[in-house]
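The letter at position 86 of the sequence shown is residue 292 when you use the numbering used here, and the numbering goes up by one with no holes. Ideal Cβ placement from N, Cα and C applies to all residues, glycine included. Please read all numbers here as calculations on a predicted model, not as lab measurements. Before any comments, here is the structure.
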Amino acid sequence: METNVSSPVPLRTIGDVRAALLVGHGFPGDKDAFETDLERALEASAEADLKAVATVIVDYRGRIRLHQDPDFDVSVQEGIDLTMRLKREARGE
């Protein structure tokens, strides 16, 4: 029996990350935020040290992967539900 699991979006290059964000992978605002964060990292980096740029790329790759994870939305909702329950209990409800 085969399971229908979608293949992850390829994210090997900055172009791949941009293309994934352009078609809606990632979270709201990520497309514009990626460009802003990447520009800031490039401006702040020395020519021989692009760690800040790599950090931005890794961060957004992770955000795209999270967005693709079918269990992510369920996990977020569980966290929201738990937080709401704990707040009600703290108020004595």
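- Task: List the DSSP bridge partners of Asp255.
- Result: Answer is Ala252.
- Item | Alpha-carbon to alpha-carbon, Ser281 and Arg294 | Going from the Cα of Arg294 to the Cα of Ser281 covers about 20 Å.
- How far does the alpha helix (DSSP H) with Gly285 in it reach, from first residue to last? It spans Phe278 to Ala296 - the alpha helix (DSSP H) in which Gly285 sits, taken as one unbroken run.
- Message: Taking the straight line between their C-alpha atoms, what separation do you get for Arg269 and Asp236?
- Response: Going from the Cα of Arg269 to the Cα of Asp236 covers about 9 Å.
- Item | Sequence-distant residues of the same chain with beta carbon closer than 8 Å to Phe278, five excluded per side | The residues Leu272, in chain order, have a CB closer than 8 Å to that of Phe278 in the same chain once the five nearest residues on each side in sequence are set aside.
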